[in-house]
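Going by this note's numbering, the residue at position 102 of the sequence shown is 464; the numbering climbs one at a time, nothing skipped.
No residue lacks a Cβ here, since even glycine has one placed at the ideal position from N, Cα and C.
All figures in this text were calculated on a predicted structure; none of them were measured in a lab.
To start, the structure itself, in structure tokens.
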Amino acid sequence: MTTNKIILTLDDAKKIAAGAEAEAKRNGWPVVIVIVDDGGHLLYLQRLDHTQFGSINVAIEKARAAIAFRRPTKIWEENIAEGRLRYLNLPGTLPIEGGLPITVDNQFAGAIGISGVRSFEDAQIAQAGIDALVL
Numbered sequence: 363m364t365t366n367k368i369i370l371t372l373d374d375a376k377k378i379a380a381g382a383e384a385e386a387k388r389n390g391w392p393v394v395i396v397i398v399d400d401g402g403h404l405l406y407l408q409r410l411d412h413t414q415f416g417s418i419n420v421a422i423e424k425a426r427a428a429i430a431f432r433r434p435t436k437i438w439e440e441n442i443a444e445g446r447l448r449y450l451n452l453p454g455t456l457p458i459e460g461g462l463p464i465t466v467d468n469q470f471a472g473a474i475g476i477s478g479v480r481s482f483e484d485a486q487i488a489q490a491g492i493d494a495l496v497l
């Protein structure tokens, strides 16, 4: 049995990043934008001017966590806030909002991670990036 697998191309990653960048700039938010493929491998990284370099690894880890577990990183942030501290030891997670999986035709194709501003703002930028992808 064979399957048709959807993959993100570099052009797709650039479209997603452009949508995220537009949202970040519209709000004056300096962020790092990361796009990974379905295996968590880096496809694209962009650091907007005046973004702290500490956000680079955070954005990468948000994207990797979102695709590894196929859910937004906000899930773990909420669990921790509700006192479920066991999630702090779950390998590969980052309990900070701003990582979103990217699905196309019900297939997980990759993820986006944003870091640089408040976590709910990071998520807003990530969603704008996903919304910019038109396949």
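By how many angstroms is the C-alpha of residue j removed from the C-alpha of residue i?
{"i": "G461", "j": "L370", "result": "16 Å"}
{"i": "Y406", "j": "I437", "result": "24 Å"}
{"i": "A384", "j": "T364", "result": "38 Å"}
{"i": "V393", "j": "N366", "result": "34 Å"}
{"i": "A382", "j": "A488", "result": "6 Å"}
{"i": "I442", "j": "I474", "result": "22 Å"}
{"i": "T465", "j": "P434", "result": "12 Å"}
Going by DSSP, what residue range makes up the beta strand (DSSP E) through residue i?
{"i": "I474", "result": "469-477"}
Our contact map puts residue i next to residue j with C-beta atoms below 8 Å; I'd like the distance itself, whole angstroms only.
{"i": "G478", "j": "D484", "result": "7 Å"}
{"i": "I395", "j": "A494", "result": "The pair is not a contact, with the Cβ atoms about 11 Å apart (cut-off 8 Å)."}
{"i": "A427", "j": "T455", "result": "5 Å"}
At which residues does the alpha helix (DSSP H) containing residue i begin and terminate?
{"i": "I492", "result": "481-494"}
Every unbroken beta strand (DSSP E) inside the region 380-466 [3 residues or more]: Runs of the beta strand (DSSP E) inside the region 380-466: 394-399, 404-409, 461-466.
Spell out a yes or no on whether the region 450-464 and the region 419-434 are touching, meaning 3 or more CB-CB pairs, one atom from each, closer than 8 Å. Taking one beta carbon from each stretch, the region 450-464 and the region 419-434 have 3 or more pairs nearer than 8 Å; the two touch.
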